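Protein chains in written order, with the numbering used here: chain A, 22 to 378; chain B, 22 to 378. Here the structure is laid out as structure tokens; the discussion comes afterwards.
Protein chains: 2
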Amino acid sequence: MVGRSSGSVTLADIACVAGVSAGTVSRALNGRGGVNAETRERVQEAAERLGYQPNALARGLLSGRSFTVGLITTDSFGRFSIPIMLGAEDALGAGQMSVLLCDGRDDPIRERHYLRTLLERRVDGIIVTGRRTDPRPPVGTSLGVPVIYAMTQSTSPEDLSITPDDLQGGALAVGHLLGTGRRHVAHVTGPERFQAARLRAEGAVAELAAGGGSLVGGRVLYGEWTEQWGRQAAVLLLDLVSRGAALDAVFCGNDQIARGMLDVLREAGVGVPADVAVMGFDNWEIIAGAARPPLTTVDMDLREVGRVAAQALMEAIDGERDRGVRTNPCRLVVRDSTAPPARSVARPDEAGAGLRG
Amino acid sequence: MVGRSSGSVTLADIACVAGVSAGTVSRALNGRGGVNAETRERVQEAAERLGYQPNALARGLLSGRSFTVGLITTDSFGRFSIPIMLGAEDALGAGQMSVLLCDGRDDPIRERHYLRTLLERRVDGIIVTGRRTDPRPPVGTSLGVPVIYAMTQSTSPEDLSITPDDLQGGALAVGHLLGTGRRHVAHVTGPERFQAARLRAEGAVAELAAGGGSLVGGRVLYGEWTEQWGRQAAVLLLDLVSRGAALDAVFCGNDQIARGMLDVLREAGVGVPADVAVMGFDNWEIIAGAARPPLTTVDMDLREVGRVAAQALMEAIDGERDRGVRTNPCRLVVRDSTAPPARSVARPDEAGAGLRG
Numbered sequence: 022m023v024g025r026s027s028g029s030v031t032l033a034d035i036a037c038v039a040g041v042s043a044g045t046v047s048r049a050l051n052g053r054g055g056v057n058a059e060t061r062e063r064v065q066e067a068a069e070r071l072g073y074q075p076n077a078l079a080r081g082l083l084s085g086r087s088f089t090v091g092l093i094t095t096d097s098f099g100r101f102s103i104p105i106m107l108g109a110e111d112a113l114g115a116g117q118m119s120v121l122l123c124d125g126r127d128d129p130i131r132e133r134h135y136l137r138t139l140l141e142r143r144v145d146g147i148i149v150t151g152r153r154t155d156p157r158p159p160v161g162t163s164l165g166v167p168v169i170y171a172m173t174q175s176t177s178p179e180d181l182s183i184t185p186d187d188l189q190g191g192a193l194a195v196g197h198l199l200g201t202g203r204r205h206v207a208h209v210t211g212p213e214r215f216q217a218a219r220l221r222a223e224g225a226v227a228e229l230a231a232g233g234g235s236l237v238g239g240r241v242l243y244g245e246w247t248e249q250w251g252r253q254a255a256v257l258l259l260d261l262v263s264r265g266a267a268l269d270a271v272f273c274g275n276d277q278i279a280r281g282m283l284d285v286l287r288e289a290g291v292g293v294p295a296d297v298a299v300m301g302f303d304n305w306e307i308i309a310g311a312a313r314p315p316l317t318t319v320d321m322d323l324r325e326v327g328r329v330a331a332q333a334l335m336e337a338i339d340g341e342r343d344r345g346v347r348t349n350p351c352r353l354v355v356r357d358s359t360a361p362p363a364r365s366v367a368r369p370d371e372a373g374a375g376l377r378g
Numbered sequence: 022m023v024g025r026s027s028g029s030v031t032l033a034d035i036a037c038v039a040g041v042s043a044g045t046v047s048r049a050l051n052g053r054g055g056v057n058a059e060t061r062e063r064v065q066e067a068a069e070r071l072g073y074q075p076n077a078l079a080r081g082l083l084s085g086r087s088f089t090v091g092l093i094t095t096d097s098f099g100r101f102s103i104p105i106m107l108g109a110e111d112a113l114g115a116g117q118m119s120v121l122l123c124d125g126r127d128d129p130i131r132e133r134h135y136l137r138t139l140l141e142r143r144v145d146g147i148i149v150t151g152r153r154t155d156p157r158p159p160v161g162t163s164l165g166v167p168v169i170y171a172m173t174q175s176t177s178p179e180d181l182s183i184t185p186d187d188l189q190g191g192a193l194a195v196g197h198l199l200g201t202g203r204r205h206v207a208h209v210t211g212p213e214r215f216q217a218a219r220l221r222a223e224g225a226v227a228e229l230a231a232g233g234g235s236l237v238g239g240r241v242l243y244g245e246w247t248e249q250w251g252r253q254a255a256v257l258l259l260d261l262v263s264r265g266a267a268l269d270a271v272f273c274g275n276d277q278i279a280r281g282m283l284d285v286l287r288e289a290g291v292g293v294p295a296d297v298a299v300m301g302f303d304n305w306e307i308i309a310g311a312a313r314p315p316l317t318t319v320d321m322d323l324r325e326v327g328r329v330a331a332q333a334l335m336e337a338i339d340g341e342r343d344r345g346v347r348t349n350p351c352r353l354v355v356r357d358s359t360a361p362p363a364r365s366v367a368r369p370d371e372a373g374a375g376l377r378g
């Protein structure tokens, strides 16, 4: 859904007139190498004659102009907003992109105050982010600068939102577990009211069914995003096993839950990954890296979400307005907690060591 | 070290002329309640006649003007910069203070870029913060707006820096352990190159000596700020105990170290706090609250550090420039990991259960 004003001159038009490729036009106008002086002159002449208006990004690169973006977050904790800030900064080089982070604290009055401050300080655009992906009302309309939502969604269909692909992330996790020979997978996650929890579960359950695995306990175990819940859920699962259930993997909805799960399994004498594989979600280094064993997890690639959001913002500044929800894929981070069970290497027909009551 | 221009009219001068208290003058000029119309008029008349120039803060309150402060941090991780941002915002009410956080990433070029961006966007002042308290070069001089350093220090004696009182924090921790009847205390902390680690150790060792306790192992155990180091140090300490050393408390330089210590002690069958008390530092809720048992720790009160820094910044905007390093006290957060040993309740002459080889 592109709203660029009709009739504007493109790089392809200039390439045609100057008799070179669009890539050469781009390199010539952006002052990058690989174009000789004569070609550069021909391109510049063509661009001028056609009345070419380089877009904001190109103008910035040409003029050394920098973009200043306001990032309004509801995430005081900073765990999600900081990588998004870093990614948005990365969309252009150092010195060309400034990101000013403001903490709205989930408070509409404070958020409006920051919106006003940022507009008064003449930012070029605004990115709104948060600590959960669920839809939220737009920060405002007709603000004079474009607004993009990242790691959160606007309820307005006119807005563009960039979110991690939680559905794909859930499927990715279970696909990895199936790939290491696991079949009896439990899913322990956060509160069902979180869209992220529901989507991860949906992706996980669908992938498990498609791969011929079984969901231990017959349902998703919704709870809290805490280590404590991970520990409680471990006790629940061990009880199921003692009553005859088979279990060879646990996919946890975040790294804290997985950490609690790991601790209780270890203390119960369950080998991870020998008997049961355990996975997390978030790739929160401080938790996943320090776990015993270090935790395989799913990374939402929030830095890339931030980079994509900033790129979309620059396109919007240039008049190319997009709308709707775009998802960005999660990626797998494999550590020691999900290695294939030793037994399945010797006997590939046997699906994992697993626990069985 | 106050640099206010001499001869400026104070609230006390107006109070004297108007025949009311300075508090009444303040309330009358700030438009707060509790002053009748006649008194308010008399105060305003006196203020006008004396040529009173309300300070920036008062002007802001009177005019509804808001302050915009740039916060430049080297702490991408956000764990230390976010509470400082929250505290700085709290220095005035919502809608009167905007804090724009920029991530300098410990990169002088990026930092200068952000400094320029903030000055171009006409911020009223700048707070520089970081993830360690060690002195750093000033961000610049003659910037036209005041700069305050928070949770970090400027090497320039002309600058004002506000830091947590790590020396007092170390003493506070050991004082608490001594107060619960412990005598044989180990101190396991981060790298010695960190000023914070050295100061906490210095405070801890001095307090221990003053209270008649002994430092287990005869020296401070410097290492890393990680759970892994906490686990290694636990193994070290258990080895000392097996060779005859007495141990009834461990003060860890941060919560992650304490978390690793707790895990290994539990698995070795050592009761915490029954046999050994364990303390952390930072009050990082996600680690300290989820620990088993929940962790007693020291809170650097970074939100207060941020509030004090913003207050000092407003005074500097008003011309009242201070300099040097001001420390802000840490406070104790008691959870279950340091309760007095059960045995010492029954036999107060016996100093803790403790471990003895």
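All C-beta atoms in this analysis are idealised placements derived from N, C-alpha and C, irrespective of residue type, glycine included. Fair warning: this is a prediction, and the values are worked out from it, not measured in the lab.
Cβ separation of residue i and residue j, assumed to be a contact under 8 Å, to the nearest whole Å
i: A:Arg157; j: A:Thr184; result: Going by Cβ atoms, the distance from A:Arg157 to A:Thr184 rounds to 12 Å, so no, they are not a contact pair.
i: A:Val383; j: A:Ala207; result: Nothing can be reported for residue 383 of chain A: it is not among the residues displayed for chain A, which extend from 22 to 378.
i: B:Ile93; j: B:Cys123; result: 5 Å
i: B:Ala109; j: B:Gly327; result: 4 Å
i: A:Gly232; j: A:Leu199; result: 4 Å
i: A:Asp186; j: A:Ala217; result: Not really, about 11 Å apart at Cβ, beyond 8 Å.
i: A:Val166; j: A:Val149; result: About 12 Å separates the two Cβ atoms, so there is no contact after all.
Three-state class that DSSP yields for residue i in the structure shown
i: A:Ala49; result: helix
i: B:Leu334; result: helix
i: A:Ala33; result: helix
i: A:Val144; result: coil
i: B:Val166; result: coil
i: A:Pro156; result: strand
i: A:Ser42; result: coil
i: B:Leu258; result: helix
i: A:Gly373; result: In this prediction, A:Gly373 has a pLDDT of 48, which is less than 50 and means its spatial position is unreliable; nothing more can be read from the coordinates.
i: A:Val366; result: Reliability of the predicted coordinates at A:Val366 is poor, the pLDDT of 39 falling under 50, and no value is obtained from them.
i: A:Val56; result: coil
i: A:Glu263; result: In the sequence as displayed, the identity of residue 263 of chain A is Ser instead of Glu. Reduced to three states, the DSSP call for A:Ser263 is helix.
i: A:Val23; result: In this prediction, A:Val23 has a pLDDT of 31, which is less than 50 and means its spatial position is unreliable; what the coordinates show is noted afterwards. Coil at A:Val23, not helix or strand.
i: A:Val271; result: strand
i: A:Leu220; result: helix
i: A:Val64; result: helix
i: B:Val241; result: coil
i: A:Leu236; result: strand
i: A:Ala230; result: helix
Best match in the options for proximity to residue i [C-alpha to C-alpha]
i: A:Leu181; options: A:Leu199, A:Asp34, A:Thr162; result: A:Thr162
i: A:Arg335; options: A:Pro104, A:Glu59, A:Ile103, A:Ala112; result: With the sequence shown as reference, residue 335 of chain A is identified as Met, and Arg is not the correct amino acid for it. The shortest C-alpha separation from A:Met335 is found at A:Ala112.
i: B:Met282; options: B:Asp303, B:Arg313, B:Arg264, B:Gly234; result: B:Arg313
i: A:Thr247; options: B:Arg70, B:Ala311, B:Glu59; result: B:Ala311
i: B:Gly202; options: B:Ala330, B:Ala298, B:Cys351; result: B:Ala298
i: A:His197; options: A:Gly301, A:Arg131, A:Arg143, A:Cys123; result: A:Gly301
i: B:Gly55; options: B:Thr45, B:Ala331, B:Val64; result: B:Thr45
i: A:Pro212; options: A:Leu199, A:Glu245, A:Asn304; result: A:Glu245
i: A:Arg133; options: B:Asp276, B:Met118, B:His205, B:Ala227; result: B:Met118
Interface residues of chain B facing residue i [CB-CB closer than 8 Å]
i: A:Thr247; result: Ala311
i: A:Cys123; result: Ser119, Val120, Leu121, Leu122
i: A:Leu283; result: What A:Leu283 touches in chain B: nothing, since even the nearest Cβ is about 11 Å away.
i: A:Leu259; result: Going along chain B, no residue has its Cβ under 8 Å from A:Leu259, so there is no contact; the nearest lies around 17 Å.
i: A:Gly116; result: Ile130, Arg131, His134
Contact list for residue i against chain B, beta-carbon separation under 7 Å
i: A:Thr348; result: Result: empty, since nearest Cβ-Cβ is about 25 Å, beyond 7 Å.
i: A:Tyr243; result: What A:Tyr243 touches in chain B: nothing, since even the nearest Cβ is about 19 Å away.
i: A:Tyr135; result: Ser119
Chain B residues whose Cβ lies nearer than 9 Å to that of residue i
i: A:Thr89; result: Thr138, Glu141, Arg142
Closer than 8 Å at the beta carbon, the chain A residues around residue i
i: B:Ser385; result: No answer is possible for residue 385 of chain B: it lies beyond the span of chain B, which begins at 22 and ends at 378.
Exercise. Which runs of the beta strand (DSSP E) spanning at least 3 residues fall entirely within the region 91 to 138 of chain B, listed in chain order?
Worked result: List check, beta strand (DSSP E) in window: 118 to 124.
For this session: Output the residue ranges of the alpha helix (DSSP H) runs that lie fully inside the region 273 to 361 of chain A and measure 4 residues or longer, sorted by chain position.
Result: The region 273 to 361 of chain A contains these whole alpha helix (DSSP H) runs: 276 to 288, 306 to 309, 323 to 338.
Exercise. Along the chain, which unbroken stretches of the alpha helix (DSSP H) at least 4 residues long are found entirely within the region 187 to 217 of chain B?
Worked result: The qualifying runs are 187 to 200.
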